[in-house]
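Visitor:
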Amino acid sequence: MSPALAAGLQIAAVVIVLAAAYVPLGDYMARVYASPDDDDPRDEPDTGGGTALRTRTRTRTDSRVESLIYRACRIDPRAEQTWIGYSMSVLGFSAASVLFLFVLQRVQGVLPLNGGLSGVSPAVAFNTAISFVANTNWQSYVPETTMSNLTQPMGLAVQNFVSAAVGLSVAAAVIRGFVRVRVGGELGNFWVDLIRGTLRILLPLSFVIALILLTQGVIQSFSAGFASTGLDGSSVTNALAPVASQEAIKELGTNGGGILAANSAHPFENPTPLSNVVEITAILLIPVALTRTFGTMVGDRRQGLTLLAVMGALFAALLAVTAAAEAGARGVAAEAAGAMMEGKEVRFGIPGSTLFAVATTGTSTGAVNSAHDSMSPLGGGAVLLNMLVGEIAPGGVGTGLYGLLVLAIVAVFVGGLLVGRTPEYLGKKIGRRQITLAALSVLVMPALVLIGTSVSVLLPSTTGYQGNSGDPGTPGSIHGFTEVLYAFASAANNNGSAFGGLTVTSDWFQTSLGLAMLLGRFLPIVLVLALAGSLVTTKRTPPNPGTLPTHGPLFASLLLGTVVLVAALTFFPALALGPIAEAVQ
């Protein structure tokens, strides 16, 4: 089979599954997060299911399990929170999660199923706790020799579920900001949203995906490992772990932290081309379907399709660039192989590797089935750019949707300036407060990436941690700069993938990257919840002939241009010093 045919079949398989799941999953998530007393999104006849949705959700009841959890945790599911209360709940829950995960890692040596492993060092435990709670899953350690088979499922896998549920909850609250008109500014109840997202969406889907992965040979074991004889006759110890259960939510929740060091390149985590397609589909499933959820909840599904078109255009463009760059041959080894096969698994080849790389960097997943550090300068630059545009193509679970909605608000503001009208989005006027909050949210990630990178490259010790260095202007020096830029882009975007040539176990990188993950996750959350809080108290104005339509090709082009322009103006100088300079060497 030719590489082009293999690529086409894999892309077709992913697209077909996503298309089949788009309507039922998107509408189902809308029913999960809609409230019985939500306002009708529009006064005119429903254009996409808003009124019908309201009718259906009036009869919805909580399950017995949910009711038991509410009683045990003393949660009143009828009580609602303003953006301040919602934000405090998110931050409080996340702080408690960091503390629990940190302590669990430190004491794992005295707990069952430790496999002879001692407690994790304070610096690594701190970095890992923040990483998994922030949905980044950055790993500065070797999992099978650091984390026990109790810490993995009880600590890391649990955070895979709840960190993804936090993203879903925030996205639901932001949508309510557009749908509702509340004098008190209520956006919902974080604890109810968290529980419903975990029990009704993430658990059932991850169970199905785990079963599919088991059929492909992904392992599920609590044994510490087994011995085998290597090709050279030496004895080799092979690690075992409960992989299938964690692999499913790792991809579905756009988490990305591997239970084994080789991540999704390991045959125990991703053994076959079919399992590779399943994992790619799982990565994209919820972020793509959330655009349908958005359209359904706001009462106009064309709005969701417009956002999906922007996501799809960005994804397709970066996939084309990455695939073309990796299919070429640069260097003696690549010319002999016929493509850039260094760091890639033969069972996946160029098509499976590039599709996975673009999917994982276009979301906040960070899982890898190939070495991104071994990609061509242009290919590595493309996946780096995929993160720098804000991971909105299609983005992480929840984070991609509300990130793109913030940029949509910026786009309607630009459109309002062009036509001389007060900007509006979904009937809500965008004033000074809204555009200020949106602008601040957009600026958080670039500030963290550029400040972290610039300080790191100025430190004399940094060159000692780079796998590539040398005199300024040399290929090694340029690639070393890209390694540092990639690390901070990954941390600030809560991605978690890395260029393996950079050693990040020093106190500086453990601390600085940990802070980048923490601020990159929770500052935007607070800002977008404040934005939603300002919108929910704003009266809805009916559309008129002068209103800028926020659906269709015109607005999609305006939004796409805004995304590209923001990324180009912000990161072009840094990219010119790194992957672009390396590509033209």
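Using the working numbering, the letters of the sequence shown correspond one by one to residues 752 to 1336. Each residue gets a CB set at the ideal place from its N, CA and C atoms; glycine is no exception.
1. For PHE1099, does the three-state DSSP call read helix, strand or coil?
2. Go to THR949, then tell me how far its alpha helix (DSSP H) extends in each direction, as first and last residue.
3. Mind the definition here: the segment 838-854 touches the segment 1212-1219 only if three or more C-beta pairs lie below 8 Å; say whether that holds.
4. Check each candidate in LEU1155, LEU1191 and ASN940 and name the one with the smallest Cα separation from LEU1058.
5. Could you check which residue in HIS1302, PRO904 and VAL917 has the C-alpha nearest to that of LEU1011?
6. Out of LEU1286, GLY1007, LEU1136 and GLY1100, state which residue places its alpha-carbon closest to the alpha-carbon of ILE1181.
7. How many angstroms separate the CA atom of LEU862 from the CA atom of GLY1117?
8. By how many angstroms is the C-alpha of ARG1053 removed from the C-alpha of ALA758?
9. Using 10 angstroms around the beta-carbon of LEU1209, count the other beta-carbons present and answer buried if the total reaches 16, otherwise exposed.
10. When the distance is taken between beta carbons, is ALA1076 closer than 8 Å to SER1026?
11. Out of curiosity, what's the CA-to-CA distance linking SER957 and LYS1290?
12. With DSSP collapsed to three states, give me the class of GLY799.
13. If contact is defined by three or more beta carbon pairs under 8 Å, each pair taking one atom from either stretch, is the segment 1177-1196 in contact with the segment 946-963?
14. Do three or more CB pairs link the segment 963-970 to the segment 1314-1325 at distances below 8 Å?
15. DSSP on GLN1217, reduced to helix/strand/coil?
16. What are the start and end residues of the alpha helix (DSSP H) that includes ALA1060?
17. Kindly confirm or deny that the segment 1263-1273 and the segment 1300-1310 touch, where touching means at least three C-beta pairs closer than 8 Å.
18. Would you check if the distance between the CB atom of ILE1037 and the CB atom of VAL1148 is smaller than 8 Å?
19. Can you check DSSP and say which residues form a bridge with ASN989?
20. If you draw a straight line from the C-alpha of ASN911 to the C-alpha of TYR892, how long is it?
21. Determine, using beta-carbon pairs with one atom in the segment 1159-1175 and one in the segment 1104-1111, whether at least three such pairs fall under 8 Å.
22. Measuring only the C-alpha atoms, how far is ALA781 from ALA1067?
23. Given a cut-off of 8 Å on the beta-carbon distance, is the pair ASN886 and ASN1014 in contact?
24. Between the alpha carbons of ASP1258 and PHE1250, how many angstroms are there, rounded?
25. Just to confirm, are ALA1064 and LEU1311 a CB contact at a threshold of 8 Å?
26. Looking at the structure shown, is GLY939 part of a helix, part of a strand, or coil, going by DSSP?
27. Give me the residue from ILE1101, LEU1236 and VAL858 with the minimum Cα distance to GLN761.
28. Note down the Cα distance separating LEU1191 from ASP1051, rounded to an integer number of angstroms.
29. Would you tell me roughly how many angstroms separate the C-alpha atoms of VAL1314 and VAL816, rounded to the nearest one?
30. Does LYS1290 come out as helix, strand or coil in the three-state DSSP assignment?
31. Around the Cβ of THR980, are there at least 16 other Cβ atoms within 10 angstroms (buried) or fewer (exposed)?
32. For ALA1242 versus MET1268, is the C-beta spacing smaller than 8 Å?
33. Span of the alpha helix (DSSP H) holding PHE714?
34. Going by other Cβ atoms of all chains shown within 10 Å of its Cβ, with 16 needed for buried, is VAL884 buried or exposed?
35. Could you check the C-alpha separation between LEU938 and GLY918 for me, to the nearest Å?
36. Among all the DSSP beta bridges, which residues are the ones paired with SER1121?
Guide: In terms of the structure at hand:
1. coil
2. First-last for THR949: undefined, no H or E at that position.
3. no
4. LEU1155
5. PRO904
6. LEU1286
7. 29 Å
8. 30 Å
9. exposed
10. no
11. 39 Å
12. Because the pLDDT of GLY799 is 40, which lies under 50, any placement of that residue in the model is unreliable, and the number read from its coordinates should be weighed accordingly. Note: GLY799 maps to coil in three-state DSSP.
13. no
14. no
15. strand
16. 1052-1078
17. no
18. In contact: ILE1037 and VAL1148 (Cβ atoms closer than 8 Å).
19. PHE977
20. 18 Å
21. no
22. 27 Å
23. no
24. When the Cα atoms are used, ASP1258 and PHE1250 turn out to be separated by approximately 19 Å.
25. yes
26. Assignment of GLY939 by DSSP, reduced to helix, strand and coil, places it in the strand class.
27. ILE1101
28. The straight-line gap separating the alpha-carbon atoms of LEU1191 and ASP1051 is approximately 28 Å.
29. 42 Å
30. coil
31. exposed
32. yes
33. It is not possible to answer for residue 714, since the shown part of the chain is limited to 752 through 1336.
34. buried
35. 15 Å
36. LYS1095
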